[in-house]
Amino acid sequence: TSTITMASFKKTLTRAYQKSSTKATPDIAYWKKLEFPVTVKEFTAIDYVDVSPVDPYYIAVTSGPKIDIYHRQATQVWRTITRFQRLAYGGKFKQDGQLLLAGSEDGQVKLFNYKQKQLLRLFKGHEGPTHRVDFIPNLPQIVTFSDDKTAIVWDMSDESRICTLSGHTDFIRAGMASPASENILLSGSYDHTVKLWDTRTASSVLTVDHGAPVESLVCFPSGGVFVSAGGCEVKVWDAIAGRLLSQLSQHHKTVTCLSFASDKKRLMSGSLDRHVKIYDVETYSLVHTIDYPAPVLCMAVAPGDSTLVVGMISSGSGLMSFQHRRNPDTTTDSLSSKEKAANIRSTLSEDLRIMPEDHVWRN
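In the UniProt record's numbering, the protein residues as written are 1 to 363.
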């Protein structure tokens, strides 16, 4: 018989999680002003949500082989883009709100005039699914990120390839153009690294090791600091020196998405643990937690924190949660509210009735 000693056992690592304050802090009061969520069921998991930066702040929900464009105020589908033979990925609005870009399971990338449901451009060249896409600011260019381990910069005017960025050794599932420079791009890969690229030389200028497959990236407007999410961690990086500035360990399952809120003064992270965590970007302390009924896959916040949109997965199906911010002064401007409601109804061509329940479910 063999003798088992205490040294044979590996110690269980425990992690201390910061709890949201139970006191009535300004952050808690602020986020409690969100109305009860309207929850919409989808047949497939929600891949990505994006909010147009331009009023009326349409919401693009990418799920299955389609992208639904929601009217934000009415929480009603306004347009549906179905020009996909396979799964659609990462539907993203242009900075001026006029165009919509999306990747797909077959690797093709499509540019739409979503208001007319018109396909404007088709970009072919990736050899694997293209999960994330973005418009490059101030230039007629886009960038696409693929499971073929490359990112490609394209000319929007003629669908031509400008450059290919190679260097990752696994799927690229996160990526974006820098908001501060049309020459700098960021990509996050399942090889655990985040790379910054200079498109003028088509080369990587910085690589950092996140320590887990990278699921999501956001970058501050200055371009000097970016945030990566993957595994159970959220990490904040100096984009110049590649130095780790902060590590946020508030989730106990994979962190799937990141977003900014409150005019970039708050950072949000969503996770398969069914929580959205909100942090103060000055101290990176946890200021609030929002619970959800299913694992969180993606989220977006409308300007002014007017609407919080969260995509989830439940038993293989998708769930969308829409929460609108209550009007701080419901006793004034009632005529304006009626006029807005009338405009929404005329746009959607049908009325929308919401019952005062905790969750309003729609098939």
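Note that beta-carbon positions come from the ideal geometry of N, C-alpha and C, so glycine has one too.
Note that the structure is predicted; figures quoted are calculated from it, not measured.
Separation of ASN183 from SER203, as counted between CA atoms: Residue mapping note: residue 203 aligns to position 203 of the sequence shown, counting from 1. Residue mapping note: residue 183 aligns to position 183 of the sequence shown, counting from 1. So the two alpha carbons sit approximately 11 Å from each other.
Through-space distance from ARG72 to GLY270, alpha-carbon basis: In the sequence shown, counting from the first residue as 1, residue 270 sits at position 270. In the sequence shown, counting from the first residue as 1, residue 72 sits at position 72. Approximately 21 Å, taken between the alpha carbons.
Length of the line joining the Cα atoms of MET175 and GLN95: Here residue 175 corresponds to residue number 175 of the sequence shown, with the count starting at 1. Here residue 95 corresponds to residue number 95 of the sequence shown, with the count starting at 1. The displayed chain sequence assigns Gly, not Met, to residue 175. Distance between the alpha carbons of GLY175 and GLN95 is about 16 Å.
Where LEU116 falls, given that 16 or more other Cβ within 10 Å makes a residue buried: For the purposes of this step, residue 116 is identified with residue 116 of the sequence shown, where counting begins at 1. Before going further, note that residue 116 is Gln rather than Leu in the sequence given. Classification for GLN116: exposed.
ILE28 - containing alpha helix (DSSP H), residue span: For the purposes of this step, residue 28 is identified with residue 28 of the sequence shown, where counting begins at 1. 26-31 is the extent of the alpha helix (DSSP H) around ILE28.
Cα-Cα separation, LEU248 to LYS235: On the sequence shown, residue 248 is found 248 positions in, with the first residue counted as 1. On the sequence shown, residue 235 is found 235 positions in, with the first residue counted as 1. When rounded, the distance between both Cα atoms is 6 Å.
Residue(s) in a DSSP beta bridge with residue 452: In the structure displayed, the chain extends from 1 to 363; residue 452 sits before or after that span and is not available.
Supposed contact pair GLU35 and GLN323 - C-beta distance, whole angstroms, cut 8 Å: One-based indexing of the sequence shown puts residue 323 at position 323. One-based indexing of the sequence shown puts residue 35 at position 35. Contact flag correct, Cβ pair sits at about 6 Å.
Which of helix, strand or coil DSSP assigns to GLY103: Numbered from its first residue, the sequence shown carries residue 103 at position 103. Three-state DSSP puts GLY103 in a strand.
Cut-off 8 Å between Cβ atoms - residues of its own chain near LEU120, not counting five sequence neighbours on either side: Taking the first residue of the sequence shown as 1, we reach residue 120 at position 120. Cβ within range, chain order: LEU99, LEU111, PHE112 and ASN113.
Best match in GLN118, PHE93 and ALA88 for proximity to VAL109 [C-alpha to C-alpha]: The residue you call residue 109 lines up with position 109 of the sequence shown. With distances taken between Cα atoms, VAL109 lies closest to ALA88.
Per-residue burial, PRO129 [other beta carbons within 10 Å of its own, 16 or more giving buried]: If you number the sequence shown from 1, residue 129 lands on position 129. By the beta-carbon neighbour count (other beta carbons within 10 angstroms, threshold 16), PRO129 is buried.
Beta-carbon contacts of GLY231 that lie in its chain and below 6 Å, excluding the five residues immediately before and after: What you label residue 231 is simply residue 231 of the sequence shown in a count that begins at 1. Within the same chain, GLY231 has close Cβ partners ALA212.
Span of the beta strand (DSSP E) around ASP238: Locating residue 238 in the sequence shown gives position 238, counting from the first residue. Where ASP238 is concerned, the enclosing beta strand (DSSP E) stretches over 233-238.
According to DSSP, residues forming a beta bridge with GLY188: On the sequence shown, position 188 is the one that residue 188 refers to. For GLY188, which the question treats as bridged, DSSP gives the partners ALA174 and VAL194.
Burial state of TYR252 (16 or more Cβ within 10 Å): Numbered from its first residue, the sequence shown carries residue 252 at position 252. In the sequence under discussion, the amino acid at residue 252 is His, which differs from the Tyr named in the question. HIS252 is exposed by the Cβ-count criterion.
Under the three-state DSSP convention, the category LEU335 falls into: For the purposes of this step, residue 335 is identified with residue 335 of the sequence shown, where counting begins at 1. Per-residue confidence for LEU335 stands at a pLDDT of 31, beneath the threshold of 50, marking its modelled position as unreliable; no derived number is given.
Nearest-angstrom Cβ-Cβ length linking SER157 and HIS126, presumed shorter than 8 Å: In the sequence shown, counting from the first residue as 1, residue 157 sits at position 157. In the sequence shown, counting from the first residue as 1, residue 126 sits at position 126. 20 Å between Cβ atoms; not a contact.
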